[in-house]
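Asks: Would you mind keeping the following structure in view while I ask a few things?
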């Protein structure tokens, strides 16, 4: 039982993927329910103060790995429900019954349902994608963890994080040169915009310095920023093949 709590993330995504296909009001109800669970969960559930011993660490890592295929499935389903028209390329691969199924669901969704689905997708990409990817890209000596972590970050076009955060922020945190450290009295929105721009800039500087030391070309597959762009582009292209240009939005 002590392992189950670590599976809340993939279980929630799986339930959401099923839930949003139930038609009118389903995305809205699931979004409200998930939001309330996140907000009120800390107040309702007691803190687990017991220091457990785990004999099977793989069972702790498995839910993080499951987030990737489950998030991809949820995102793909959301695109199918939100796009104005499924792309002909993808449409031809669907059976006639599935075509009718998704067409009926799309037509049943209200404007509020669609807004809720967009917000729910953002929450899942942030929580199940970015947060989990954050954990995994710190494991720089484990190639599989790095692979999954970088792909999870790719959903939000956040390849910068795996470079600047791990190799810059950890070294410069709480100093004036760290873009992810807020300044005293700084407006939160100004901080966010500044952090986004400067983290991206610093990530390129880190890669430039690293590749120079190893005598490798900046514009090559050795550049982790370029590889990150390719990952995110691949996800965007898949979104296009599912939902056309509206699916890319």
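In the numbering used here, the protein residues as written are 387 to 635.
Each residue gets a CB set at the ideal place from its N, CA and C atoms; glycine is no exception.
1) Whole angstroms is fine: what's the gap from residue 632's alpha carbon to residue 466's?
2) If you draw a straight line from the C-alpha of residue 545 to the C-alpha of residue 411, how long is it?
3) Give the single residue among 415, 434, 405, 453 whose Cα lies nearest to the Cα of residue 394.
4) Any idea what DSSP makes of residue 587, helix, strand or coil?
5) Buried or exposed: residue 551, going by 16 or more other Cβ atoms within 10 Å of its Cβ?
6) With distance defined between alpha-carbon atoms, name the residue in 615, 581, 484 nearest to residue 559.
7) Looking at the structure shown, is residue 567 part of a helix, part of a strand, or coil, going by DSSP?
8) Report, in whole angstroms, the separation of the C-beta atoms of residue 523 and residue 593, which I expect to be a contact under 8 Å.
9) Just to confirm the assignment: which complete beta strand (DSSP E) runs, minimum length 3, are found wholly within the region 471–557?
10) Does DSSP classify residue 593 as helix, strand or coil?
Replies: So, from the data block:
1) 10 Å
2) 35 Å
3) 453
4) helix
5) buried
6) 581
7) coil
8) Contact flag wrong, Cβ pair sits at about 14 Å.
9) none
10) helix
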